[in-house]
Amino acid sequence: MSRMLKNVLLLFLCAACLLLTGCHGSQDKSAFEIPAAFDESRTYEITFWAKNDTNITQADLYRKAIEDFQAIYPNIRVNLRLYTDYGRIYNDVITNIATDTTPNVCITYPDHIATYLTGDNCVAPLDGLMTDAKYGLGGSEIRFDAPTKAEIIPQFLAECAFDGHYYAVPYMRSTEACYVNKTFVEKLGFTLPEKLTWDFVWEVSEAATAKDEAGNYLVNGQKTMIPFIYKSTDNMMIQMLRQKGAGYSNQDGQILIFNDTTRELLETVASHVKSGAFSTFKISSYPANFLNAGQCIFAIDSTAGATWMGSQAPLIDIAEDKLVQFETAVMMLPQFDTENPQMISQGPSMCVFNKEDPQEVLASWIFAQYMLTSEVQIAYASTEGYVPVTSKAQESAEYQDYLSRSGEDNDLHYDVKMQATQLLLEHVDDTFVTPVFNGSASLRDAAGQMIEEVTKGVRRKKTVDDAFISNLYDKMISLYRLNLDGSQGSSGGKQELGPLPGTAVTLLSAIGLAWGGIIAYVAVDAAKKRKRVKNNGYH
Amino acid sequence: MKKLFAMLLALTMLLSCGAVLAEETAVEAKSEGVMTYAEYAAAEIEAEVVIECYVQATQSWWDNKITVYAADQEGAYFLYELACSEEDAAKLVPGAKIKVTGFKGQWAGEVEVMDATFEFVEGGISYIAEPVDLTALLGTEELVNYQNQLAIFKGMTVEGIEYKNGQPGDDIYVNLSLNGAAYSFCVERYLTDPETAVYKAVGELKAGDVVDVVGFLYWYEGPNTHITSVTAAQ
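Here it is, written out as structure tokens:
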């Protein structure tokens, strides 16, 4: 090998190494360490990505909370970006992880955080922050009346822990409720039981599909009636499986959903789609709109959607002339075993993203903590059928007074909303969450998508049988990149990370080039040695 | 030389105008196996549909999906969340001809093509629809027949606007009235984001202003046109 070629290769390798080091530095962050003291001589500008339920009062409350917080901490400026869709936040965070432009604080779901955690030190673990004597929950240096860790409802806090660490704090909690047109149920000759069963809901729904000779539904006299509409089909599948004691996933990230119980449930759904008794939000539209128009009897939606439900709802999205009057019953979602009810715990949590500057992270944490104060918690929870996540707020005189005034008006004390809130307050011990791992967000999507696909399949006159469902299983595994044995949980996810960012491409290219250079060097060197051997042999 | 140059310019202009006129009036025959608009309109909800159409506008690309406002010379289509790479999304410019295969759906009254894939049709003409004046049809049952078309509504009085989240950034709900009857319009932020002229113009409207609005006749529990331009009434 000539000296010149050797030098060129060495130079190339050095350049590649430098490039690699440079990229590495720009992508990886150091693990967050809590500063000894918050530097209040500096000013901080942090971003908060929040989600509201297309509810302007909630948007206003976020703004008020920020204003109040900034009055207490004038050196921390909070920029709010509002979303009405968790999926959009998730997607934007993923995109911004690649460019190192994540927000500081973000409303999110634990499933989503599990994906965010694939970025090195991307999300700040909160264990130390929560218990820090000065800046932890209710810490000595916190300038507002924050809750202590013990005052966060344990079940809700536990939902934010995975891999042995807390990566979020709960912000609000809700569950699902079945909003029932009681008037129509009784008109069909049924009496609502104390707790709904799936059999009852299907039976009434089937009865409601009867039409007269002109094609009008007997129960409402209209051309449109979808007796049972489910808003979130992922929750539908997850809760049905849980109630049946069937597999969904486990803590190791193993995916257990593709089982015979799921198959049976999908076949049941298909049969009721065929008769016109069932549809979904994605296929038909908001359950609330159909319910309020007298075109639906069982509308299952979040308790955080309660202000849209019922003839007297404060939020209505249909024309006045379409609104019908009926009595609304707010009930626990249907159960297979009413003695052992199971309902999902959901609602937004907050995570804090790690940054190069630990002071900025601390400022973000202080703001996140402010969102847990009773003032914010009670105000926000009252906008919908949410419950505050702290016992401090729940047990406060203000909140108890609020609860006691159910039905006083059709706005703040709208009875449907208050009943939805009570449903969760009374059944916290009956709630559950699904295991969180990287890929669990995709599994959740797949769970709902199977119901959507079966529903669409029937509506599109396809035969939904064993073969259809087997194909569907394969399709879901492929589409959502589900690793059934959990061995590669970290790679799960339907195109979760999107195309590789430019920096990653550069990094990978540089790695490739470096290896290419190394191999070339070794090969040339080895060839030279072989030549020597050969030469030696010839001599 | 000057005369020659002037003649060349004039000739170029004539040819251009001719080409434009030809484009505006040309109605391309549908390819084999492709539905006419009438056939599409007559198809049942949930039926598989194959259409050829011209992109009129798009919402922002997201998660390998894009929602397209499309039309041909007979009618208009709303293509909801077409499967689409980011690279192809950049080519979905107004006028581009595409062939779409999907299912006809209806969501909150909006008839759309869903679960669809598409391919670009090479060699076709480019077509951009002119807005059709539907002012007289407001409040009538006939309006729905023009669903998704680019429409103009003239002499509308602004009753009020409301930002979805209370301040600029998300959709704007626009209430306009005509002859005492109120109608809902919307500035859809994924179609016209806060940086666009129309978003800013609508944000500045005051109750009592009289305007002409152009937009795609979208449907959400009734007509809910997605506004693309607003001007003082002529």
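Quick note, the sequences are listed as chains A and B, same order. What the first sequence shows, in numbering that gives the first Met the number 0, is residues 0 to 538, in sequence order. What the second sequence shows, in numbering that gives the first Met the number 0, is residues 0 to 233, in sequence order. Quick reminder that beta carbons are idealized off the backbone N, C-alpha and C, glycines included.
Residue j beta carbon less than 8 angstroms from that of residue i
i, j, result
"Val197(B)", "Val209(B)", "no"
"Met449(A)", "Met475(A)", "yes"
"Val179(A)", "Phe297(A)", "yes"
"Pro313(A)", "Thr302(A)", "no"
"Thr433(A)", "Ser441(A)", "no"
"Val99(B)", "Ile50(B)", "yes"
"Ala75(B)", "Glu220(B)", "no"
"Ile343(A)", "Glu175(A)", "yes"
"Leu228(A)", "Thr147(A)", "Rather than Leu, the amino acid found at residue 228(A) in this sequence is Ile. The answer is no: Cβ separation not under 8 angstroms."
"Glu158(B)", "Leu175(B)", "yes"
"Phe335(A)", "Gln242(A)", "yes"
"Gly485(A)", "Gly188(A)", "no"
"Trp218(B)", "Glu86(B)", "no"
"Val415(A)", "Gly309(A)", "yes"
"Ala328(A)", "Gly384(A)", "no"
"Thr107(A)", "Ser363(A)", "no"
"Ala58(A)", "Leu81(A)", "yes"
"Val386(A)", "Ala380(A)", "yes"
"Ala255(B)", "Leu133(B)", "Any answer about residue 255(B) is impossible in this case: the structure gives chain B only from 0 up to 233."
"Thr83(A)", "Asn103(A)", "no"
"Tyr134(A)", "Leu361(A)", "yes"
Proximal residues of chain A, C-beta to C-beta of residue i below 8 angstroms
i, result
"Gly164(B)", "It is Asn, not Gly, that sits at residue 164(B) in the sequence shown. Neighbours of Asn164(B) on chain A, chain order: Asn51, Ile55, Ala58, Leu81, Thr83."
"Asp87(B)", "Neighbours of Asp87(B) on chain A: none; closest Cβ ~13 angstroms, over 8 angstroms."
"Gly168(B)", "Arg80, Leu81"
One or two residues paired with residue i in a DSSP bridge
i, result
"Arg241(A)", "Paired residues: none, contrary to the question."
"His164(A)", "Phe161(A)"
"Asp211(B)", "Thr230(B)"
"Pro222(B)", "Trp218(B)"
"Thr389(A)", "Ile151(A)"
"Pro357(A)", "Bridge partners of Pro357(A): none, in fact."
"Cys350(A)", "Cys105(A)"
"Asn258(A)", "Looking at the DSSP assignment, Asn258(A) forms no beta bridge with any residue, so it has no partner."
"Ser301(A)", "Glu175(A)"
"Ala70(B)", "Tyr53(B), Ala75(B)"
Simplified DSSP state of residue i, which is helix, strand or coil
i, result
"Gln345(A)", "strand"
"His412(A)", "coil"
"Phe68(A)", "helix"
"Arg404(A)", "coil"
"Glu39(A)", "coil"
"His271(A)", "helix"
"Pro146(A)", "coil"
"Gln55(B)", "strand"
"Arg458(A)", "helix"
"Glu545(A)", "One cannot answer for residue 545(A) here, as it falls past the ends of chain A, which runs 0 to 538."
"Ile296(A)", "coil"
"Asp132(B)", "strand"
"Met171(A)", "strand"
"Trp48(A)", "strand"
"Asp444(A)", "helix"
"Ala321(A)", "This sequence places Lys at residue 321(A); Ala is not what is there. Helix, per DSSP."
"Asn78(A)", "strand"
"Asn164(B)", "coil"
"Pro187(A)", "This sequence places Leu at residue 187(A); Pro is not what is there. In this structure, Leu187(A) counts as coil in the three-state DSSP scheme."
"Gln86(A)", "First, the amino acid is wrong: residue 86(A) is Gly here, not Gln. It is helical."
"Lys210(A)", "strand"
"Thr114(A)", "helix"
"Ile97(B)", "strand"
Contacts of residue i in chain B (Cβ-Cβ under 8 angstroms)
i, result
"Asn90(A)", "Trp61, Asp62"
Cross-chain neighbours of residue i in chain B, by beta carbon under 9 angstroms
i, result
"Asn288(A)", "Ala107, Glu220"
"Asp546(A)", "The displayed coordinates of chain A run from 0 to 538. Any statement about residue 546(A) would go beyond what the structure contains."
Amino acids of chain A, ordered along the chain, whose beta-carbon sits closer than 7 angstroms to that of residue i
i, result
"Asp192(B)", "In chain order: nothing, as chain A lies at least about 14 angstroms away."
"Phe102(B)", "Arg459"
Chain-ordered chain B contacts of residue i [CB-CB under 7 angstroms]
i, result
"Ser310(A)", "Ordered by position in chain B, no residue passes the 7 angstroms Cβ test against Ser310(A), which lies about 16 angstroms from the chain."
"Ser284(A)", "Trp106, Ala107"
Chain-ordered chain A contacts of residue i [CB-CB under 9 angstroms]
i, result
"Gly138(B)", "Within chain A, no residue comes near Gly138(B); the closest Cβ sits about 12 angstroms away, beyond 9 angstroms."
Would you list, in chain order, the members of the segment 219-234 of chain A that have their beta-carbon closer than 9 angstroms to a beta-carbon of chain B? none
Contact list for the segment 26-54 of chain B against chain A, Cβ threshold 9 angstroms: Ile44, Glu45, Ala46, Glu47
Where the segment 429-453 of chain A meets chain B: residues whose CB sits under 8 angstroms from a CB there: none
Contact residues within the segment 307-334 of chain A, judged by C-beta distance below 9 angstroms to chain B: Asp316, Ile317, Ala318, Lys321
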